[in-house]
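Q: Pasting in a structure now, in structure tokens, and then I'll have a few things to ask.
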Amino acid sequence: MMRTRAAFFGAATVLGLVLLSACGQVATPGNATAANSDPQGIAQSRTVSLTAAAVGGLGQVLTDANGKTLYRFDKDIASPSVSKCYEDCAVKWPPALAPTGELEVQGVDKALVSTVDRTDGGKQLTVAGWPLYTFAQDAGPGDAKGQGVGGTWFASTPEGRKAGGPVLATAVVPGLGTVLTNGAGNTVYRFDKDVASPSTSNCDADCVKKFPPVLTTTDDISVQGVDKGALGVLVRPDGTKQVTAKGWPLYTSVEDKIPGDAKSQGFKDAWFVSAPDGQKASENKELVLTTASVGNLGTVLTDKGGMTLYRFDKDTPKPSTSNCNGDCAVKWPPALVTSDSFEVQGVDKALVGTITRADGGKQLTVAGWPLYTFSEDKVCGEAKGQGVGGTWFVSTPEGKKAGV
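All the letters of the sequence shown, read from the start, carry residue numbers -34 to -1, 1 to 370 under mature numbering (1 follows the signal peptide of the UniProt record, and there is no 0).
As structure tokens, this is what we get:
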């Protein structure tokens, strides 16, 4: 049984991981002679194999045979592969050297794995062209103290990208509407046998093998399109920090292989996909209004299908009046509902209303402003109508103009 610690946070925003300071000195390959004579340099590197493992709030990252986090360096070159880390740099960031035998990988596409010849004679492992390193200050598996050091060192994903996306985000899953996902886009679940107040996880041992907890390394949770005010953290028995939504501990499912999967929905009548507000997604059957993060506009309103919603400067909020009819309503379809009985997510329902249009349709409003989609937005996340004619703007959950 686990009790909550470090409970809840403030308004919705998109946050990156906190960057650490200080970085080792960097020497170019031209300093190879000095590197060869340094008894504490490349000699401290270890041969490694490659695996993928979940490390704190970074998601899946590359690790060596000892489970230590592997990093990439922004001053290196991926094509062609070149390491710029020698001498003192290589002491702090030991290169990951290729084993003498066949390289074993797990959770990594071997086609992405190669080596680069270092000027000191070692063969350094690369993924997607990027040379790989450990960090001398990481004591063991699960440490990622090198993340963000100097703004140039980042844990590597299995695809060779920089790790460190949001811990939680949102996505639209067919039939379930907008749901929580982890930073990799995998659907997030809640467990009926857990307790929301106080936050308690009853999923351990074999359970966590099937439903890995959504973890964070900090109480200041990195999010995208999620209201941080609904989130919290509990400390599990192994010392890791698990993210909660409205008190409910959050998990992913090993059955879900790609973003959009929700194969564990309803499993044993106890596991359910989590909506952004911590409710069971299956309970939001009348959902008509939710939120998502769209481009650089931040958190905005979307319909139940994830399409961006707009407001029109020529409308009026008091009294709520739509001045978009005829051809305008073809280009900017009103966001309609069939009744006043509906659900919303990530929006203050007190701000939500409806008006009856001239054609008899019932149109949603937020803070009095009638809402519309845009006919040229074809997929979720598009906002091609932003700023059109100087009068059309994406709506925030409060009914304000986004990006203005």
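Note that CB positions come from ideal geometry on N, CA and C, so glycine has one too. Keep in mind it's a predicted model, so treat the numbers as computed, not measured.
What are the complete alpha helix (DSSP H) segments, minimum 4 residues, inside the stretch 13 to 80?
A: Those alpha helix (DSSP H) runs which fall completely within the stretch 13 to 80 and span 4+ residues are 54 to 58.
Q: Is residue 369 near residue 317, with beta carbons less than 8 Å apart?
A: No, the pair does not count as a contact, with Cβ atoms beyond the cut-off.
Q: Would you identify the three-state DSSP class for residue 262, choosing helix, strand or coil?
A: Helix at residue 262.
Q: Is it buried or exposed for residue -11, if we count other Cβ within 10 angstroms and need 16 for buried?
A: Because the pLDDT at residue -11 is just 30, under 50, the model does not fix this residue reliably, and the value given afterwards should be weighed accordingly. By the neighbour-count rule (16 or more Cβ atoms within 10 Å), residue -11 is buried.
Q: Would you list the residues sitting across from residue 377 in a DSSP beta bridge?
A: Here the chain comprises residues numbered -34 to 370, so residue 377 is not present and cannot be evaluated.
Q: According to the neighbour-count rule (16 or more other Cβ atoms, all chains shown, within 10 Å of its Cβ), is residue 187 buried or exposed?
A: That one is buried.
Q: Given residue 301, which residues of its chain have a CB within under 7 Å of its CB, disregarding the five upstream and five downstream residues?
A: The answer, listed in chain order, is 269, 275, 329, 330, 337, 338, 339.
Q: Return the chain-ordered ranges of every beta strand (DSSP E) run that is complete within the stretch 155 to 230 and spans a minimum of 3 residues.
A: 155 to 157, 197 to 201, 207 to 211, all fully within the stretch 155 to 230.
Q: Let me make sure I understand the geometry here. Which of 177, 335, 246, 204 has the alpha-carbon closest to that of residue 285?
A: Ranking 177, 335, 246, 204 by Cα distance to residue 285 puts 335 first.
Q: Can you grab the Cα-Cα spacing for the pair residue -32 / residue 20, in whole Å?
A: Low local confidence applies: a pLDDT of 41 at residue -32 is under 50, so the model's placement there is unreliable, with the coordinate-based value given in what follows. Looking at the two C-alpha atoms, the distance is approximately 23 Å.
Q: Distance, Cα to Cα, residue 180 vs residue 257?
A: Their backbone Cα atoms lie some 21 Å apart in a straight line.
Q: Among 321, 114, 31, which has the Cα closest to the Cα of residue 283?
A: Taking only the C-alpha atoms, the option nearest residue 283 is 321.
Q: Closer than 6 Å by C-beta to residue 265: which residues in its own chain qualify, once you throw out the five before and the five after it? Chain order, please.
A: For residue 265, where only same-chain residues beyond five positions count, the Cβ hits under 6 Å are -23, 191, 257, 259.
Q: Residues in its own chain within less than 6 Å of residue 182 by CB, not counting five upstream and five downstream?
A: Excluding positions up to five away in sequence, the list reads 23, 133, 207, 209.
Q: Do residue 123 and residue 178 have their C-beta atoms within less than 8 Å of each other?
A: In this structure, residue 178 does not lie closer than 8 Å to residue 123 by Cβ.
Q: Residue 210: beta carbon under 7 Å from a heavy atom of the ligand PLP?
A: The ligand PLP is not among the ligands present in this structure, which contains no ligands whatsoever.
Q: Please report the residue range of the alpha helix (DSSP H) in which residue 133 lies.
A: It is not in any alpha helix (DSSP H) - residue 133 carries neither H nor E in the DSSP assignment.
Q: Can you find at least 3 beta carbon pairs, one from the stretch 57 to 69 and one from the stretch 86 to 98, that sit closer than 8 Å?
A: At 8 Å Cβ cutoff, the stretches touch.
Q: Please confirm whether residue 255 and residue 313 have their CB atoms less than 8 Å apart.
A: Yes, they are a contact pair.
Q: Count the other CB atoms, across all protein chains shown, that sit within 10 Å of the CB of residue 169; report buried if there are 16 or more and exposed otherwise.
A: Buried.
Q: Per DSSP, what kind of secondary structure is residue 345 in: helix, strand or coil?
A: Here residue 345 sits in coil by DSSP.
Q: Among the residues of its own chain, which have a CB less than 6 Å from the CB of residue 121, if the five just before and after it don't count?
A: Closer than 6 Å at the Cβ level, and outside the excluded window around residue 121, lie 24, 27, 35, 37, 110, 113, 129.
Q: Whole angstroms is fine: what's the gap from residue 354's alpha carbon to residue 156's?
A: Near 40 Å, if we compare the C-alpha coordinates of residue 156 and residue 354.
Q: Can you round the beta-carbon distance between residue 401 and residue 200 to whole angstroms, since I take them to be within the 8 Å contact cut?
A: Residue numbering for the chain in the displayed model covers -34 to 370; residue 401 lies beyond these limits and cannot be assessed.
Q: Label residue 296 either buried or exposed according to how many other C-beta atoms from any shown protein chain fall within 10 Å of its C-beta, with 16 as the threshold for buried.
A: So residue 296 counts as exposed.
Q: Just to confirm the assignment, what range does the alpha helix (DSSP H) spanning residue 296 have?
A: Counting along the chain, the alpha helix (DSSP H) containing residue 296 begins and ends at 293 to 297.
Q: So what's residue 319 in DSSP terms, helix, strand or just coil?
A: Looking at residue 319 - three-state DSSP - the assignment turns out to be strand.
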